[in-house]
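The block underneath contains the structure these notes are about, expressed in structure tokens.
Residue numbers (the numbering used here): 214 to 508.
Given below as structure tokens:
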């Protein structure tokens with residue numbers, strides 16, 4: 214075989230190789246699974262329920278109750294409609310109603326807040342509302358978070374439909390959600406339950422008109438043993454002859470029963486707000502009481 218012929222063969226192979234390389238059909242690209250991008254929102258942040266952290270992803274999370282078991286506890290974001298500046302920092306926060314199931318039949322409702330940090334949200338502690346209740350509405354007014362829902366009468370079976378109207382109120386204090394003392398007739402915005410107080414103590418809140426008589430009602434401060442250490446009169450700050458809530462304020466001066474060297478339990482006291490009852494009839498009596506601590 215001549216050298217010329219061999220050279221021609223080699224040249225053909227080289228040209229064919231070059232042609233193949235430049236015209237090689239592209240292999241289909243493997244489609245990578247899409248990367249999940251989570252936005253900084255109330256459905257993708259961490260809340261604290263029963264002193265445990267639950268990091269929600271798309272509004273839910275599941276955790277094994279015992280490692281390796283099939284039983285799980287679940288937390289879900291049930292409601293995120295109310296948006297307002299809860300803590301006065303100029304940013305819009307979100308009220309979040311969460312449901313918790315620990316593997317049993319109960320579905321427990323909690324209220325929490327997602328605090329706007331500017332580029333992210335930080336979840337607060339959750340406070341329990343009830344088991345298998347019916348949430349009616351939530352809103353924010355005058356610095357207070359309101360949750361309206363239906364629950365059952367005390368002692369009613371869980372099979373009964375919730376029918377009792379309940380209103381609970383909450384505020385943000387130093388990044389923590391706190392439940393206000395009160396009921397459907399009266400609530401106190403200051404002081405908060407278990408807050409440290411000193412003299413003079415200013416008490417503020419709102420009460421329905423029928424809690425007053427002649428625009429006022431009595432308030433009492435007691436020590437750990439129930440001994441009265443201060444009394445005052447709460448006075449309506451608006452027209453009181455109404456069924457609506459009317460703001461009130463009161464001031465009590467007292468000498469702190471807690472002294473240096475006393476045992477810690479002696480710090481504890483109680484604040485009592487009594488419905489004014491000019492009739493003197495026991496069936497017309499009413500009051501709320503909550504704990505405070507003396508400085």
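All residues carry an ideal CB built from backbone N, CA and C; glycine is no exception.
Let me confirm a value: residue i is counted as buried when at least 16 other C-beta atoms fall within 10 Å, else exposed. Which label applies?
{"i": "residue 375", "result": "buried"}
{"i": "residue 441", "result": "exposed"}
{"i": "residue 250", "result": "With a pLDDT of only 41 at residue 250, under 50, the local geometry of the prediction cannot be trusted, and the value read off the model is given with reservation. Exposed: under 16 other Cβ atoms inside 10 Å."}
{"i": "residue 509", "result": "Only positions 214 to 508 of the chain appear in this structure, which leaves residue 509 out of reach."}
{"i": "residue 386", "result": "exposed"}
{"i": "residue 436", "result": "buried"}
{"i": "residue 351", "result": "buried"}
{"i": "residue 304", "result": "exposed"}
{"i": "residue 247", "result": "Because the pLDDT at residue 247 is just 45, under 50, the model does not fix this residue reliably, and the value given afterwards should be weighed accordingly. Label assigned to residue 247: exposed."}
{"i": "residue 420", "result": "buried"}
{"i": "residue 378", "result": "exposed"}
{"i": "residue 418", "result": "buried"}
{"i": "residue 325", "result": "buried"}
{"i": "residue 372", "result": "exposed"}
{"i": "residue 311", "result": "buried"}
{"i": "residue 281", "result": "exposed"}
{"i": "residue 494", "result": "exposed"}
{"i": "residue 540", "result": "The structure shown has nothing for residue 540, since the chain only spans 214 to 508."}
{"i": "residue 395", "result": "buried"}
Alpha carbons only, please: which of the options is nearest the one belonging to residue i?
{"i": "residue 256", "options": "269, 262, 485", "result": "269"}
{"i": "residue 447", "options": "470, 472, 484, 479", "result": "484"}
{"i": "residue 356", "options": "348, 333, 379, 392", "result": "392"}
{"i": "residue 353", "options": "449, 296, 389", "result": "296"}
{"i": "residue 478", "options": "420, 504, 426, 403", "result": "504"}
{"i": "residue 317", "options": "278, 300, 324", "result": "278"}
{"i": "residue 445", "options": "454, 474, 489, 453", "result": "489"}
{"i": "residue 499", "options": "486, 506, 404, 361", "result": "486"}
{"i": "residue 344", "options": "313, 433, 507, 327", "result": "313"}
{"i": "residue 510", "options": "358, 321, 348", "result": "Here the chain has residues from 214 to 508 only, and residue 510 is not among them."}
{"i": "residue 472", "options": "399, 388, 508", "result": "508"}
{"i": "residue 461", "options": "480, 327, 431", "result": "431"}
{"i": "residue 452", "options": "349, 423, 383, 438", "result": "423"}
{"i": "residue 455", "options": "372, 306, 428, 362", "result": "428"}
{"i": "residue 370", "options": "358, 396, 319, 403", "result": "319"}
{"i": "residue 381", "options": "398, 372, 373, 389", "result": "398"}
{"i": "residue 267", "options": "329, 315, 364", "result": "315"}
{"i": "residue 331", "options": "459, 311, 302", "result": "302"}
{"i": "residue 463", "options": "275, 404, 365, 309", "result": "404"}
{"i": "residue 359", "options": "406, 450, 299", "result": "299"}
{"i": "residue 263", "options": "347, 323, 291", "result": "323"}
{"i": "residue 291", "options": "253, 409, 349", "result": "349"}
{"i": "residue 388", "options": "457, 458, 329, 497", "result": "329"}
{"i": "residue 443", "options": "482, 261, 271", "result": "482"}
{"i": "residue 497", "options": "308, 425, 402", "result": "425"}
By DSSP, does residue i sit in helix, in strand, or in coil?
{"i": "residue 467", "result": "coil"}
{"i": "residue 356", "result": "coil"}
{"i": "residue 496", "result": "helix"}
{"i": "residue 480", "result": "helix"}
{"i": "residue 331", "result": "coil"}
{"i": "residue 382", "result": "strand"}
{"i": "residue 253", "result": "coil"}
{"i": "residue 387", "result": "coil"}
{"i": "residue 347", "result": "strand"}
{"i": "residue 246", "result": "Low local confidence applies: a pLDDT of 46 at residue 246 is under 50, so the model's placement there is unreliable, and no value is given."}
{"i": "residue 361", "result": "strand"}
{"i": "residue 394", "result": "strand"}
{"i": "residue 372", "result": "coil"}
{"i": "residue 486", "result": "strand"}
{"i": "residue 269", "result": "coil"}
{"i": "residue 337", "result": "coil"}
{"i": "residue 259", "result": "strand"}
{"i": "residue 405", "result": "coil"}
{"i": "residue 342", "result": "strand"}
{"i": "residue 502", "result": "strand"}
>> Using 8 Å as the cut-off, can you tell me whether the stretch 334-354 makes contact with the stretch 276-286, which would need three or more C-beta pairs spanning the two stretches below that distance?
In response: Taking 8 Å as the limit for Cβ pairs, the verdict is that the stretch 276-286 does not touch the stretch 334-354.
> Which whole runs of the beta strand (DSSP E) in the stretch 271-327 are 3 residues long or more, in chain order?
Replying inline: Inside the stretch 271-327, DSSP marks whole beta strand (DSSP E) runs of 3 or more residues at positions 273-277, 285-292, 306-314, from first to last along the chain.
> Unbroken beta strand (DSSP E) runs of length 3 or more, entirely within the stretch 410-465: which are they?
Replying inline: Whole beta strand (DSSP E) segments, 3+ residues: 414-421, 429-435, 441-449, 458-465.
>> I'd like to know if the stretch 457-468 and the stretch 410-426 are in contact, where contact means that at least 3 CB-CB pairs between them fall below 8 Å.
In response: The stretch 457-468 is in contact with the stretch 410-426.
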